[in-house]
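Have a look at the structure below, then the notes.
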Amino acid sequence: MALIYALMVQAMQMVLVLALAPLLTGLVRKTKSRLLRRQGPPLLQPYRDLLRLSRKEVVLADNASWLFRVAPYLIFAATWVAASLVPTFAAGLMFNWAADLIAIIALLGSARFFLALSGMDIGTSFGGIGSSREVMIASLAEPAMLMIVFTVALIAGSTQLSTVSAFLAGADVGMRISLALALVALIMVALAENARIPVDNPTSHLELTMVHEAMVLEYSGRHLAMIEFGGSLKLLLYVSLIASVFVPWGIAGGVATPIEYAFGILTYLLKLTLFGLLLALFETVIAKMRVFRVSQFLGAALMLGLLGTLLLFVSRSL
Amino acid sequence: MERLVFDIAHSLAGGLVLVSFMMLYQDRLSALINIFAVQAVLLALSVAWQAYMQQAPHLYITAAIALVFKAIVIPVALHRIIKQLGIHREIEPVVGIGSTMFIGIGLVALSMVVMMRVTGQAAPVAREDLAFALSVILLGMLMMVTRRNAVGQVIGFMSLENGLVLAATGAKGMPLVVEISVAFSVLIAFIVIGIFLFRIRERFDTVDLSALDRHRGGQ
Amino acid sequence: MGVWTFNPVLTVVLIPLLTAPVLALLPGYKLSARINVLAALATLLAASSLFFIERPLPGNYLLVDDLNIVFIVLNTFVAFTTSVFSASYIGHELETGKLAAPYLRFYHAMYQVLAFAMNLAFVANNLGLMWVGVEVATLTTVLMVGIYRTPAALEAAWKYFILGSVGIALALFGTILVYMAAQPVVGEGNNAMLWTVLMQNVATFDPALLNLAFVFLLLGYGTKMGLAPLHAWLPDAHAEGPTPISAVLSGLLLNVALYALLRYKLLLAASPGALAPGPLMMIMGLVSLVFAAFMLYRRRDIKRLFAYSSIEHMGIITFAFGIGGALANFAGLLHMVMHSLTKSAIFFAVGHIAQIKGTQKIADIRGLTQTHPVLGWGLVGGVLAIAGMPPMGIFMSEFLVVSSTIAHAPWLALPLVLGLLVAFGALLLRLTELAFGEPSGSTAAVKASVLPLYAHLALVLIAGLYLPPALVLWFQHVAAMLG
Amino acid sequence: MTAVAMLMWVVAALLATAVLSVAFSRTAAVSHWVYSTCAVLCASALGLLLVHLLGSGASTSGLTLPLGLPWLGAHFRLDALATFFLIVVNLGGAASSVYALGYGRHESAPHRVLPFYAAFLAGMNLVVLADDAFAFLLCWEFMSLTSWALVMTQHREHENTRAAYIYLVMASFGTLTLLLAFGLLAGPDGHYGFAAMRSAVHTPAVSALVLVLVLLGAGSKAGLVPLHVWLPLAHPAAPSHVSALMSGVMTKVAVYGSVRIIFDLLGEPAWWWGMLVLFLGGISTVLGVIYALMQHDLKRLLAYHTVENIGIIYIGLGLALAFQTNAMSGAATLALTAALFHVFNHSLFKSLLFFGAGAVLTATGQRDMEQLGGLIHRMPYTSFAFLVGCVAISALPPLNGFVSEWLTFQAILQSTDLPQWGLKIMVPAVGGLLALSAALAAACFVKAFGVTFLGRPRSAAAMQAHEVDRYSLATMLGFSLLCLLAGILPGLVIDALAPVTMSLIGARMPVQSSIPWLSIIPITAGRSSYNGLLVFAFIAMSGALAAYVIHRFASRALRRAPAWDCGFPDADPATQYTAGSFAQPIRRVFGELAFRLREQLDLPAPGDIRPARFVATLGDRIWELMYLPVVGAVQFGAEQLNRVQFLTIRRYLNLVFLTLITLLLVLAIWP
């Protein structure tokens, strides 16, 4: 009985992230438009987009390989699995132990690996640009992310997200300079990873500046839907991650009553809204960088992460 | 009497060293050859005296070889060589005569010092003889390395060999001395013949070794 | 000992001595080459019989003990294999007209005289006799080096002759000094020149005289061994003479001088007051090793290259004996045997290669494993063996040399290893060029006698993996003798 | 018969095969026979070892042969550590041999490969079995020598002979330094047996010196920066199945050497040892992968990447040392297990990738990625296997590469309790380097796979490629499967490593195979856990689910059309991103750090119709700073000393004379 209950909660988490992801994307787009004094698309527009795309016929380039067709599902699946392993409304879910924070990062890495490969599959110059830039960005973002993981894991004594979030929700943590550094770095990495301004512009189709969009240029129909969906999930994942580590309050414990879960969902929605609004605001007030400044931006994130870790190593001995 | 015997041996050996010095400062080939002949005569005398001292008659043979071969045959041959080959009479030393003398003095001092360390266990005659012999050997080598001319080098080598014979005869009762001196004479003959006949004349215009060196093989 | 009983020691000396005049008189190439081989074989058999027949007691002139048996057997063996190689090598020289028939007669006679002289030096119980042996061997090789009568050959011979003569003189002076040291103790005459007598009484000799003697002997015989900086004659003599003579020079003659030096080292080591000969030998050895290692790089002549490698290895051997102690002496002996076998094998290969390609220039010989696989791979095997690659025997001896250096003088291990590495780099560089790459030069098949080559390599290979216990015991005994 | 005796018979059979292959080198089928024999022999050794491991828990057995040093004999011993490494060796050996059954058919000069191949396999086995210094070094150098001959296979190309030359010189350097190390370990009395060394007590100075020498000696063989220079030259030059062995297996034998000496023979470590090893490992990982990224020769890229993986292994070893000094045996076990696990993993995927590169070479005759592309259409199986290898080596879940890196990260996270300041700074920094290299590795293999297999063919050879033979495919797919299995069932491997850590550190990781769902939990469940099986299952299920749902309820229509490419149709294949251009952003970012980068752009003036040229030259700073001076010094020494060859006889006499005078002076002043 307990097993079924736990399974149900886990399944709910998986469905929840799936359901909320396009909404978060819609929220960001809508807010951004409003901030620019535009009407903007309706909140639910991403759902409609996904639906429409998935019903359309796929126009596949002549020389596309099986990899090109499989990759969208793989990317989607990996991102989804990763997103459902991050605590959203409840921690200590049934399968949370299957992958810790490092594994989640690595899962996202797998997704990106296939995305970059599919960018190169058709053999167009734009796909190559996108992949090449993507891996350059990732080569800095990933270590920065791992350094952040180190910082958090060292403070909490675990790389298990549930444990981390439970630990940080406790009262005795207090403010820590390392955590602050990690937060800043994490936000920077999250911006880069989700192809947001100032690293990349999700709405740009200007050839020379695009990164993510260049990779998926050849995709259409259901494949594109999968990739878009994956992108939304990834954004949600990062927001959840920041929320569960830095504002872990309200997350339900390992085994909890339905009431607690409901409360968890409620706070989670609040956090999502808040972060969505903040992201939109941030994207509005900042300009996009040149591609080659990105390395400096992410280098700074890496340094911050490393500094956070070093401070912890050093302060332990004091 | 004992004393006198010793003194004569001593002065003959010392005379050899002195003649070696004379050879060092010679800058004319023919004079050098002549002085070498003088050294050979002195050597013969010294060996003969040793033969008398040690009552070792076979040493007289060595003395005779020294006298006949080194004091007469070789110098004559060398004189003919320089005449036939038309080697210019001046010797070109590598280092100046003065410095050569200076180095020579140093060498003699060195051989003395080295020999001083030898305990008195050996007979004093032998010890002194050895010191002189070593000096002659070193001076001979010095001569070989400071003369560009092959004839000069051969004379240096022969002088070195004189030192050896001096040492060998000074070693009381040493076997094979005669054989060795004969062997060395043959060796010297070879060298002289090498210069004179052994085809080097055919292929090289002079026996100046630096000309010969032009034919160093590849690397 | 009756007059007619078989005396292996005497036989070893007499066979070559008696064969020499026969060969000098015999015309014709085939017959004399065969007699040469047969005589060498007979000498080898006589030498081997030393293992089985009770050794004659040391006499006034001849001596057989554990130490010199090593040398005699090695010497006669390599002399035999070289004579086999020489037969085919000289045959080719005759065909190409590089050698005229009279010189051939001379060559074979000299070969036996050389064998006689070397064997004499080994079995001599008398300091003077040993000296005579070494010098006769030197003079014989001088004549053989010049046998081609080319300007380069004559120059090499001349250089060898002059430097050798000075070496002879220095060694003689050293011998006289030893006699002088012995004479007050053991009395005048022959006794004072017998190894057996000297070794018993050396403790009471004047140490200062012994020291002085050793300096001259080290230089005199060191010249023969080719220790730097006394080595000058060696590379040219190897390069310009007939290749069998190069093989004999490297494989045997250097050992003769080494043997002489070892005898004197024994003497000095047994005298408590004398300076330890070890450090001097170690320094000379190291200098030779490092010097030759660097010299290997600029070589363009294939035979000169391996001549320098011989200097390097004589350096290692001298160094090993300089360290002393059971282990290092064992290593030195082993290295000496391995070097003789390997280096002569290399010269066998090189001789044929130079004949095929008609040149000794490394730059003109390429890709041998492609054009002449048997010779080429033989050369590869030989050079890798000489460079200390396993599983060849030199690897074992170098292992022992280095490790005993670490045990006794750790800091010297550094230059030693450095020298080995630099030399390895040079040899491998040349080997790569010679044996691999796009082939160049003649690809004509050649009638080469590769049997000696591969026989030597096989021996070296076996020794690298497995040393028979009897041999080990014997070597250990000798090593202990060497102190 | 003990296990070690049976293994020695296998080795003997391998050596016999080598000899016989020379004898029968003219026979046409010799290639087939030799490779089959090698495969059977390695496989039987592998089976033997597995039985040994499972049956007796890797008990120790020894054997002494009357070979080698006469008074010592040749000692061979099979213990837990040796068992593990022999499994790696023979697994790689068996696979390479099977692969070569197909690949070797294309060999132009089989007689230059076969004898050395079999001997090489024997040599690697013997190194791991050896139990005394002489046998170890002999086999070690024998291994180098045979692999040198294999690198020399295509000797007509100057590049290969140069590679082989540098390789053997470096190998010889390594052997000599190891010889010095063993000399120090053996002590003045010359105890060369490992048993004696183990029991001997060394002074700290000697131990430190031995450590440095071992890192130089074994490190040069393994390819640690800065001793790696030979590796990217030599590994690609050999035939591909040999490259796989050299990269995948021989470097592991070198790791074995360092583990054997540092952990087993050397005794108590000092705290800074770990730091030194960590430092070398850290720079090797990052420099290795950055160099790899810049290559456009497929095999050379893989070879450089070996340097990175060796770095990861040494990071694990360094951590284990650091923990061991501070008596943190749990963490030390974790770190050592991570390192050994990575040894196993790397032998799998690096062999796999070299097999793939060999298949590409067979199919197209090209190693240059700039001439390849689009092979996924013509070589579907090869490209699938290669893709698996790429994912595995990029440390992406759920394959095996991720597991060992994950374990290494877990070990790094244990290090806050280390008391030494140096380690406190070093460990997180190395962690950062490891993270960086992991990300760069992914970039590197996106490039390798993307440029070689995806896109459109860049040359006629690539256009006409065809799938390779069954043997090669079977080997590659088999290894892909192993990569997956080791990735999703890591607990089994960790448990199999327990005897090794028990024997070296005296502790083991918690038993993993009894944990529910086959998760792995290195320390406690609260700290960290990972379940490759579940992750794999989840991805597979959710991907399949998504595909099913969409195909069932939305659309399955598909139309083929020309690529859109922002409206530039029918572009030439030359407009694709090349290997060089792909790496350009990363070259810009890291270029100055690792190379002397010079980019020259020759842009024609307007109206000029000649093509623009862009030339980027990369100078290897390590080669320039560390090796060229050595080469220069040797050349200078040779040049200066060479004058001695050209003196006159008088000057030579002068040398003799001066030596005499010097010696006499020594005598004169001798006390």
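Chains as they are written, first to last, in the working numbering: chain A, 2 to 319; chain B, 14 to 232; chain C, 553 to 1035; chain D, 161 to 831.
Here a beta-carbon is modelled for each residue, glycine too, at the ideal position from N, C-alpha and C.
Within the same chain, show all residues whose beta-carbon is closer than 7 Å to that of Arg329 of chain A, passing over the 5 residues directly before and after it, in chain order. Any property of residue 329 of chain A remains undetermined from this structure, which presents chain A solely from 2 to 319.
For Ser221 of chain D, the first and last residue of its enclosing alpha helix (DSSP H): One-based indexing of the fourth sequence puts residue 221 of chain D at position 61. Note, Ser221 of chain D: premise wrong, no alpha helix (DSSP H); beta strand (DSSP E) at 221-225.
Helix, strand or coil: which one does DSSP assign to Phe96 of chain A? In the first sequence, the residue the question calls residue 96 of chain A occupies position 95. Three-state DSSP puts Phe96 of chain A in coil, outside helix and strand.
What is the DSSP secondary structure of Lys289 of chain A, reduced to helix, strand or coil? Your numbering for residue 289 of chain A matches position 288 in the first sequence. Residue state, collapsed to three classes: coil.
For Pro88 of chain A, count neighbouring Cβ atoms within 10 angstroms of its own Cβ and tell me buried if that reaches 16, exposed if not. Position 87 of the first sequence, counted from the start, is the residue given in the question as residue 88 of chain A. It counts as buried.
Members of the region 936-955 of chain C near chain D, C-beta cut-off 9 Å: Leu936, Ala939, Gly940, Met941, Pro942, Pro943, Phe947, Met948, Glu950, Phe951, Leu952, Val954, Ser955
I'd like to know whether the C-beta atoms of Leu931 of chain C and Ala978 of chain C end up nearer to each other than 8 Å. The residue given as residue 931 of chain C occupies position 379 in the third sequence. The residue given as residue 978 of chain C occupies position 426 in the third sequence. Their beta carbons are not under 8 Å apart, which means Leu931 of chain C does not touch Ala978 of chain C by this criterion.
At least three beta-carbon pairs within less than 8 Å, the region 298-318 of chain A to the region 146-156 of chain A: Taking 8 Å as the limit for Cβ pairs, the verdict is that the region 146-156 of chain A does touch the region 298-318 of chain A.
Close beta carbons around Asn560 of chain D, own chain, < 6 Å, minus the five adjacent residues each side: If you number the fourth sequence from 1, residue 560 of chain D lands on position 400. Result list for Asn560 of chain D: Asn505, Ala552, Cys643, Ala646, Gly647, in chain order.
Check distances from the C-beta atoms of the region 723-744 of chain C to those of chain B and list, in chain order, the residues that come in under 7 Å. Leu724, Phe725, Ile728, Tyr731, Met732, Gln735, Pro736, Glu740, Gly741, Asn742
Among the residues of its own chain, which have a CB less than 7 Å from the CB of Ser892 of chain C, if the five just before and after it don't count? One-based indexing of the third sequence puts residue 892 of chain C at position 340. Excluding sequence neighbours, Ser892 of chain C sits near Leu626, Val630, Gly803, Leu804, Asn807.
How many angstroms separate the CA atom of Pro962 of chain C from the CA atom of Leu297 of chain D? The sequence position of residue 962 of chain C within the third sequence is 410, counting from 1. The sequence position of residue 297 of chain D within the fourth sequence is 137, counting from 1. Cα to Cα, Pro962 of chain C sits roughly 19 Å from Leu297 of chain D.
Where the alpha helix (DSSP H) containing Val10 of chain A begins and where it ends: Locating residue 10 of chain A in the first sequence gives position 9, counting from the first residue. Per DSSP, Val10 of chain A belongs to the alpha helix (DSSP H) from 3-36.
Using the beta-carbon of each residue, which ones in chain D are nearer than 8 Å to Val126 of chain B? For this step, residue 126 of chain B is matched to residue 113 along the second sequence. Correct list: Ala828.
Residue interval of the beta strand (DSSP E) (run including Thr777 of chain D): By 1-based counting over the fourth sequence, the position of residue 777 of chain D is 617. Residues 773-780.
Please report the straight-line C-alpha distance between Phe603 of chain C and Cys299 of chain D, rounded to a whole angstrom. Position 51 of the third sequence, counted from the first residue, corresponds to residue 603 of chain C. Position 139 of the fourth sequence, counted from the first residue, corresponds to residue 299 of chain D. So the alpha carbons of these two residues sit roughly 34 Å apart.
Closer than 7 Å by beta-carbon distance: list the chain G residues that pair up with Val205 of chain B, in chain order. Chain labels in this structure do not include chain G; the protein chains are A, B, C and D.
When you compare only the Cα positions, how much space is there between Gly490 of chain D and Ala203 of chain D? Residue 490 of chain D sits at position 330 when you count from the first residue of the fourth sequence. Residue 203 of chain D sits at position 43 when you count from the first residue of the fourth sequence. Taking the straight line joining both Cα atoms gives about 34 Å.
Our contact map puts Ala601 of chain D next to Glu468 of chain D with C-beta atoms below 8 Å; I'd like the distance itself, whole angstroms only. Counting from 1 along the fourth sequence, the entry for residue 601 of chain D is found at position 441. Counting from 1 along the fourth sequence, the entry for residue 468 of chain D is found at position 308. Rounded, the Cβ-Cβ distance is 6 Å, consistent with contact.
Taking Ala721 of chain C as the query, report the chain B residues whose CB atoms sit under 7 Å from its CB, ordered along the chain. Mapped onto the third sequence, residue 721 of chain C falls at position 169. Near Ala721 of chain C (Cβ distances below 7 Å), the residues of chain B are Leu173, Glu174, Leu177.
Within the same chain, show all residues whose beta-carbon is closer than 8 Å to that of Ile326 of chain D, passing over the 5 residues directly before and after it, in chain order. Your numbering for residue 326 of chain D matches position 166 in the fourth sequence. For Ile326 of chain D, where only same-chain residues beyond five positions count, the Cβ hits under 8 Å are Val389, Trp390, Leu393, Ala394.
List the residues that DSSP assigns as beta-bridge partners of Arg719 of chain D. Position 559 of the fourth sequence holds residue 719 of chain D. Arg719 of chain D is bridged to A:Val60.
Could you tell me which residues DSSP puts in a beta bridge with Glu990 of chain C? Position 438 of the third sequence holds residue 990 of chain C. The partner list for Glu990 of chain C (beta bridge, DSSP) is empty, contrary to what the question assumes.
Does the count of Cβ pairs from the region 251-262 of chain D and the region 911-928 of chain C closer than 8 Å reach three? With contact defined as three or more Cβ pairs closer than 8 Å, the region 251-262 of chain D and the region 911-928 of chain C are not in contact.
Determine the chain A residues that contact Trp431 of chain D at a beta-carbon separation under 9 Å, and present them in chain order. Here residue 431 of chain D refers to the residue found at position 271 when the fourth sequence is read from its first residue. Chain A residues near Trp431 of chain D: none, gap ~14 Å exceeds 9 Å.
Quick one: which chain D residues come within Cβ less than 7 Å of Asn763 of chain C? Locating residue 763 of chain C in the third sequence gives position 211, where the first residue counts as 1. Taking a Cβ-Cβ cut-off of 7 Å, the neighbours of Asn763 of chain C in chain D comprise Leu827, given in sequence order.
Got a sec: is the Cβ-Cβ distance from Asn866 of chain C to anything in chain D below 8 Å? Position 314 of the third sequence, counting from 1, holds the residue named residue 866 of chain C. One detail in the question is off: residue 866 of chain C reads as Met in this sequence, not Asn. Not an interface residue.
Closer than 8 Å to chain D by CB, Leu42 of chain B: Position 29 of the second sequence, counted from the first residue, corresponds to residue 42 of chain B. Not an interface residue.
Is the separation between the beta-carbon of Leu567 of chain D and that of Pro682 of chain D shorter than 8 Å? The residue you call residue 567 of chain D lines up with position 407 of the fourth sequence. The residue you call residue 682 of chain D lines up with position 522 of the fourth sequence. Yes. Within cutoff.
Put Ala290 of chain D into one of helix, strand or coil per three-state DSSP. Taking the fourth sequence and counting its residues from 1, one reaches residue 290 of chain D at position 130. Ala290 of chain D falls in the strand class under three-state DSSP.
Going by Cα to Cα distance, which pick from C:Met751, C:Phe725, C:Thr995, C:Ala709 is closest to Phe203 of chain B? On the second sequence, position 190 is the one that residue 203 of chain B refers to. Phe203 of chain B has its Cα closest to that of C:Ala709, out of C:Met751, C:Phe725, C:Thr995, C:Ala709.
Rounded C-alpha distance that separates Phe184 of chain D from Ala279 of chain D: As a first step, residue 184 of chain D is located in the fourth sequence; it is residue number 24 there, counting from the start. As a first step, residue 279 of chain D is located in the fourth sequence; it is residue number 119 there, counting from the start. The alpha-carbon atoms of Phe184 of chain D and Ala279 of chain D are separated by roughly 16 Å.
Measure the Cβ-Cβ separation of Pro230 of chain D and Leu779 of chain C and say whether it is below 8 Å. By one-based count along the fourth sequence, residue 230 of chain D stands at place 70. By one-based count along the third sequence, residue 779 of chain C stands at place 227. No, the Cβ-Cβ distance between Pro230 of chain D and Leu779 of chain C is not below 8 Å.
So does the region 219-235 of chain D actually touch the region 257-271 of chain D, counting three or more Cβ pairs closer than 8 Å? no
Is the CB of Val82 of chain A under 8 Å away from at least one CB in chain D? Locating residue 82 of chain A in the first sequence gives position 81, where the first residue counts as 1. Answer yes: the Cβ-Cβ gap between Val82 of chain A and chain D drops below 8 Å somewhere.
Would you be able to state if there are at least three C-beta pairs under 8 Å between the region 755-775 of chain D and the region 147-165 of chain A? no
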